[in-house]
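Asker:
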Amino acid sequence: MADNDIYNSMGKYERFKQEIRVYLQPPEKSRKYQIKNPVNMKHFQRLLLKLDARDGSYVRRLRLVHTLLMICHYVEKDLSKITREDIDELMLHAHQHNKSTKSKQCFIRDIKFLWKFLFSEKDEQG
């Protein structure tokens, strides 16, 4: 079982899980992103289920969930149907948002992980 840290990452993660429907509404003063396509909520549900099953750290879970939230804000299509042009546009926004080289590398690593995690290709055994 992953432990809570001094920053209460476990509490933040649990609060995000319970309030995820709020992100379908336009952003208010306290938040920046919105899930613009309600179909993408199913990807959040799958991600949260898989992250809980893996039992990784809450800091990592929060970072992956917020990366997916940023992706859903900039890409208005269903994530399973996006094209290379949509990914290029997403990377443009990500490079404007992430200023340092390290944060850009982390975003690229996280997006690759998310795509592998959510949209993995099935082998002959399913």
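Heads up, the numbering used here is the position in the sequence shown plus 14, with the first residue counted as 1.
We put the beta carbon where it would ideally sit given N, CA and C, even for glycine.
In this text, all values refer to a predicted model and were calculated from it rather than measured experimentally.
1) Alpha carbon to alpha carbon, how far is arginine 75 from leucine 65? Give it in angstroms, no decimals.
2) Name the two residues that bound the continuous alpha helix (DSSP H) containing isoleucine 141.
3) Give the list of continuous alpha helix (DSSP H) stretches no shorter than 4 residues that lie fully inside the segment 22-56.
4) If I measure Cβ to Cβ from isoleucine 101 and keep anything under 6 Å in the same chain, skipping five residues before and after, which residues do I get?
5) Can you name the start and end residues of the alpha helix (DSSP H) that threonine 81 belongs to?
6) What separation, rounded to the nearest whole angstrom, lies between the Cα atoms of leucine 61 and glutamate 99?
7) Give the secondary structure of lysine 95 by DSSP, where H, G and I count as helix, E and B as strand, and everything else as coil.
8) According to DSSP, simplified to helix, strand and coil, what is isoleucine 20?
Answerer: Result, derived from the coordinates:
1) 7 Å
2) The structure shown does not extend to residue 141, since the chain is modelled only from 15 to 140, so the question has no answer here.
3) 23-32
4) none
5) 72-88
6) 24 Å
7) helix
8) coil
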